[in-house]
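J.:
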């Protein structure tokens, strides 16, 4: 694992496999140590490699899956990530930006409304099977509490989230690299918020 609190993502060795100096990154030891960075690219690569969770024989379903994958990595993740940053990290480090908070919270809510509309009458985002589209969207929707984004009225999305909650592998994934119940409004939220903000204090103070 990469320790962000030690700034290991900026080490030269890590930058050789991910020039952006961010997480996540994987190295496929079975494919000549081939490195893949960016979460969407990683999911796509693994789905292709193992022939699962990405329709292979229906071009339309395959395209739809990738469209929702890109919708998440280009919209939901950055907007909710910034909502989390300005409310859970920046404020704890002495920086309050009400305009940024309103902007990112409102846009996050709008994007989740798009997801809710998509899920009307559907079990999954694409077709009748669980796919990388669901995999990438779920953790961000699941952590709406941490982003302080309301999901009131998004009933179809909430049912989808509850459906995915029932999958044992999904529950196991929520514990990797460690379980963080505060993300979901459980446990000692204040203590984790303080610890998390301290871990990112270097980033905030760097401007």
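In the working numbering, the protein residues as written are 16 to 222. Even for Gly, the Cβ is constructed at its ideal location relative to N, Cα and C.
Between the region 211 to 220 and the region 99 to 117, can you find at least three pairs of beta-carbon atoms closer than 8 Å?
T.: yes
J.: Measuring alpha carbon to alpha carbon, tell me which residue in 148, 68, 184 and 158 is nearest residue 94.
T.: 158
J.: Can you confirm whether residue 90, when its beta carbon is compared against all beta carbons of chain D, has any partner nearer than 9 Å?
T.: The question asks about chain D, but that chain is absent: this structure has only one protein chain.
J.: So which of 17, 203 and 69 has the shortest CA-CA distance to residue 151?
T.: 69
J.: If you draw a straight line from the C-alpha of residue 83 to the C-alpha of residue 66, how long is it?
T.: If you take the alpha carbons of residue 83 and residue 66, they lie about 18 Å apart.
J.: Quick one: Cα of residue 213 to Cα of residue 29, how far?
T.: Roughly 23 Å between the two C-alpha positions.
J.: Going by DSSP, what residue range makes up the alpha helix (DSSP H) through residue 209?
T.: 204 to 214
J.: Of the choices 161, 147, 156 and 192, whose alpha-carbon is the least far from that of residue 61?
T.: 147
J.: If the criterion is Cβ atoms closer than 9 Å, does the pair residue 24 and residue 41 meet it?
T.: no
J.: Whole beta strand (DSSP E) runs in the region 63 to 101 with 3 or more residues, listed along the chain?
T.: none
J.: If you count every other CB in all the chains shown that lies within 10 Å of the CB of residue 33, and 16 or more means buried, which is it?
T.: It is buried - the Cβ of residue 33 has at least 16 other Cβ atoms within 10 Å.
J.: To the nearest angstrom, how far is the alpha carbon of residue 187 from that of residue 35?
T.: 28 Å
J.: Is it true that the region 160 to 170 meets the region 113 to 132, where meeting means three or more beta-carbon pairs spaced less than 8 Å apart?
T.: yes
J.: Do residue 123 and residue 185 come within 9 Å of each other at the CB atom, strictly closer than that value?
T.: no
J.: Helix, strand or coil, according to DSSP, for residue 132 in the structure here?
T.: helix
J.: Would you mind reading off the limits of the alpha helix (DSSP H) that contains residue 147?
T.: Residue 147: member of the alpha helix (DSSP H) spanning 147 to 157, first to last residue.
J.: Is it buried or exposed, residue 54, if we count other Cβ atoms within 10 angstroms and call 16 or more buried?
T.: buried
J.: Could you pull the start and end residues of the beta strand (DSSP E) that residue 166 belongs to?
T.: First-last for residue 166: undefined, no H or E at that position.
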